[in-house]
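Working notes, structure below.
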Amino acid sequence: MAPPKKQVVGPLHLRTRSPEETVELAAAFGRLCRAGDVVCLQGTLGAGKTHFTKGMAEGLGVENTENVTSPTFVLLKKYRGDKLTLNHFDAYRLHGASEMQDIGCEEIFSGGGVSVVEWADRVVECLPEEHFLVTIRIIGTDVRDILLGTSGTGLADRIEEITETLQPWSAGDNA
Ligand SMILES: Nc1ncnc2c1ncn2[C@@H]1O[C@H](COP(=O)(O)OP(=O)(O)OP(=O)(O)O)[C@@H](O)[C@H]1O
Ligand SMILES: [Mg+2]
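See below:
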């Protein structure tokens, strides 16, 4: 028998018009994140993945979020928040998922913090089935479309609260 189809809910269609707005949106999202959440970011160079991560850190109560920069050369940075730690991966320079596995991403994903993965599309094999998927598209110099969805069935019941909270940034065409 064929395996059950992966259920993908959403995505929620959001829009920001400045880097600061992306940080604010992601902070609101970060405040709703829970231990064990994995947030996968995709989008081209300069789309805004690191700004989104900075916002999530702010939402998790990390101090000195100016330290939230692309961990391109270190693969993983950890920021301690009020309640939860944010694990920030950047897969840009990786040659595949095995390098993520080598640093123990599985234990980190399932641990007590929240994880965010820039360039998640490069390491799909090591991502947990249940994750948030955030796709950032460059629309204009300062305009970004942000699609936020879930993969797996376990996160679907979180979408309602997330949709309400992120309403101020709605692109206006969500069902
Ligand atoms: N609405 C916006 N949201 C986010 N960033 C924006 C926005 N408008 C303009 N920008 C600019 O786009 C750039 C986004 O940079 P950022 O480092 O966050 O991207 P990235 O996706 O992490 O890039 P990389 O692929 O190099 O890691 C910054 O220069 C930022 O000022
Ligand atoms: Mg980046």
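FYI, the numbering for the sequence shown is 11 to 185, going by this note's numbering.
From the three backbone atoms N, C-alpha and C, an ideal C-beta is built for every residue, glycine too.
Bear in mind that the values here come from a model prediction, so they are computed numbers and not experimental data.
Item                                                                                                 : Value
Option nearest Leu-42 by Cα separation, candidates Ala-166, Met-66, Val-153                          : Met-66
Contained alpha helix (DSSP H) runs [length at least 4] in the region 63-150, N- to C-terminal order : 107-112, 115-119
Straight-line gap, Pro-29 to Gly-123 (C-alpha atoms, nearest Å)                                      : 25 Å
Contact between the region 74-88 and the region 166-185 (3+ Cβ pairs under 8 Å)                      : no
Residues sharing a beta bridge with Thr-60, DSSP                                                     : The partner list for Thr-60 (beta bridge, DSSP) is empty, contrary to what the question assumes.
Stretch pair the region 68-77 + the region 158-174: three plus CB contacts closer than 8 Å           : no
Within 8 Å, strictly: CB atoms of Val-126 and Ala-101                                                : no
Cβ neighbour criterion (16 or more within 10 Å) applied to Gln-111                                   : exposed
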